[in-house]
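Below: the structure, in structure tokens.
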Amino acid sequence: MTDAMNEAMTDATTDATTASTAASAGASTAPPPGSFLATGRGKITLALLCAVTFLDVMDGAIVNVALPTIRTHLGFSVQNLQWVVSGYLITYGGFLLLGGRAADLLGRRRLLVAGTVLFAASSLACGLAGSQGLLVGARLSQGLGAAMMSPAALSILTTTFQDSDRHKALGVWAGISGMASAAGLLFGGLLTQDFGWQWVFLVNLPLCALVLAGAFRILKADHGRSAPGGFDAVGAVLVTAGMLLLIFTLVNAPDQGWGAGRTIGGLAASAVLMVAFVLNEQRRARPLVPLSIFRIRGLAAADATQVIAWAGFYSMFFFVTLYMQNVLGYSQLEAGLSYVPVSVGIGFGSTVATKMFVRTGTRPIIVSGALLAAGGIFWLSRIPVDGTYLGNLVTPLVIMGTGLGLLYAGVQTAANAGVPEDQAGLAAALITASFQLGSALGLAVFSGIATSRTSHLLAAHAPLPEALTGGFQRALLVSALCLVAAGAIALRAPNTRGLPAATPDTPGTPEPHRNEEPSYDPA
């Protein structure tokens, strides 16, 4: 590792010298002066941070394919099996805002390391679990580790890379995040079929070891900053309890029923907690979550777009996987392999987005991605009972993946543009929380839509494959409409070019020129 660091430093010196010489000679192809991403160390840093988001997002998907095997081995009921997935989502989404602010206050590398250690220990406990309670408990702990890792890593990225480097780094981050869901389904099928369900958790251990080694060797130590007036413990309790209760209620709504007293009570109680949190933050001189952060142009709209878009995306992956396995009879490995072309589409979309930000701003990228993805999912909503992969799935999946790459890269860039460095962790937590909230919301609502349609068809004496397909079609149609709605929100959002974050000297509001509407040349 020391040799790698020396080589990286040598590369940095060489690259800087080359850039300077080329600039003086008028060469236009040289990397920008001071480009950290052009150095070996910069590339290693980006790869390390992308490994973190790959771990966190993949773990939310890799378990899905293994669920039938886990149910058989540990004796889960159909109702309790959902906790293997929901337990991770609840603590991940519930603790994100606290984790993001803790990264700003306690130190980002410090929180990344602590979260990775907890994530690794929890993954080991999941792989060794011999009972339902131990597996679900370990999944809850795993989500908490992810809630510490993800905002810390993203805020390190946005404060480490500047100017055009930042565009490229966020584009790669978004592409890796998007591909992680498809990769999770692929690895889940491969590992479960050939090695056993335990390995969908144990595979995290070597990746966590690499992240920890890289964090100490590559990332600079930071010690956060002091919080004058003391830590806002009341705000931390209110926002965490509100988020936990909201996501808990959403993931249980399909089983409880949307009109059930427990569902209505849970949603009402979470709303009360969040209102109390906002009131607490307004009266605090040093709040846990400064509400002024929402005055940064583009941040709130990016978060709202992410919630609606991922409600559609996450549900789409869920229902198409069920269609492959329960209607077309695909094995776990076959279902996982079917998503390989999706990764290609996501990578292509995020690459195009990265190259276009400076010219067009984020708004056209996000809107185009949302509409393209909506078209692909609408195509998927026409799946027949006797469908084939080549005839009915692969093309719309690639179209959807390309749109996902465009949208996700645009949203990540818009959400982090103009954010002061001392609030980077909080901004990263907000955009990640919107991803988790959208996933939980979409799965809760659209599962009810699919189940209702399937039950109606079964009552009309339709064959089970036809009834299942009818339910999937209805849910996918609504998922496509969600993406159209996300595009409509983005169409009204400010158009940013993802320029560098503001400095701590400009808390809460970026300099006006940093998020101005881009000018277009009529020619």
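As numbered in my numbering, residues 19 to 541 make up the sequence shown, in order.
The C-beta atom is built at its ideal place from N, Cα and C for all residues, glycine as well.
Here the structure is a predicted model, which is why all the values come from computation and not from measurement.
For residue i, the three-state DSSP class (helix, strand or coil)
i	result
tyrosine 426	helix
tryptophan 328	helix
serine 349	coil
arginine 315	coil
proline 382	helix
asparagine 513	coil
glycine 306	In the sequence as presented, glycine is not what sits at residue 306; that position holds leucine. Looking at leucine 306 - three-state DSSP - the assignment turns out to be coil, as it is neither helix nor strand.
alanine 478	coil
lysine 238	coil
leucine 55	coil
aspartate 181	helix
serine 149	coil
arginine 89	helix
glycine 393	helix
aspartate 250	coil
glutamine 343	helix
threonine 406	coil
glutamine 216	coil
serine 288	helix
tryptophan 276	coil
phenylalanine 453	helix
valine 296	helix
serine 399	coil
proline 483	helix
Inter-residue Cα distance where the pair is residue i and residue j
i	j	result
alanine 235	tyrosine 106	Per the sequence shown, residue 235 should be read as arginine rather than alanine. Near 29 Å, if we compare the C-alpha coordinates of tyrosine 106 and arginine 235.
glycine 111	leucine 482	35 Å
serine 42	phenylalanine 54	Low per-residue confidence applies at serine 42: pLDDT is 41, beneath 50, and the placement is therefore not dependable enough to give any value.
alanine 498	alanine 200	19 Å
alanine 511	serine 349	43 Å
alanine 289	threonine 63	39 Å
phenylalanine 94	glycine 207	20 Å
arginine 315	glutamine 343	44 Å
isoleucine 364	glycine 196	6 Å
alanine 271	leucine 455	14 Å
leucine 158	leucine 204	23 Å
alanine 447	alanine 287	23 Å
phenylalanine 295	valine 257	6 Å
leucine 424	asparagine 513	15 Å
leucine 444	glycine 428	19 Å
isoleucine 507	threonine 372	21 Å
tryptophan 101	proline 224	25 Å
leucine 116	serine 368	29 Å
Minimum C-alpha distance to residue i - residue among the options
i	options	result
glutamine 150	Arg89, Asn410, Gln343 and Ser333	Arg89
alanine 353	Ile384, Leu411 and Leu459	Leu411
phenylalanine 137	Val325, Ala458 and Asp77	Asp77
alanine 328	Thr87, Leu444 and Gln430	In the sequence under discussion, the amino acid at residue 328 is tryptophan, which differs from the alanine named in the question. That would be Gln430, whose Cα lies nearest to the Cα of tryptophan 328.
isoleucine 80	Gln441, Thr378 and Leu351	Leu351
leucine 495	Phe396, Ala442, Ala432 and Ala458	Phe396
glycine 387	Val370, Val376, Ile401 and Arg377	Val370
proline 305	Ser182, Tyr332, Val255 and Gly260	Val255
leucine 230	Arg400, Gln441 and Leu67	Leu67
Exercise. Tell me, please, whether the segment 472-490 touches the segment 348-364 by the rule of three or more beta-carbon pairs shorter than 8 Å.
Key: no
Quiz item: Pairing CB atoms from the segment 66-74 with CB atoms from the segment 157-174, are three or more of them under 8 Å?
Solution: yes
Quiz item: When the Cβ atoms of the segment 275-289 are set against those of the segment 123-134, are three or more pairs found closer than 8 Å?
Solution: no
Quiz item: Any chance the segment 413-423 sits against the segment 461-477, with 3 or more Cβ pairs inside 8 Å?
Solution: no
Quiz item: Below 8 Å, can you find three or more Cβ-Cβ pairs linking the segment 121-128 to the segment 396-416?
Solution: no
Exercise. Pair every Cβ in the segment 170-179 with every Cβ in the segment 432-445, then say whether three or more of these pairs are closer than 8 Å.
Key: yes
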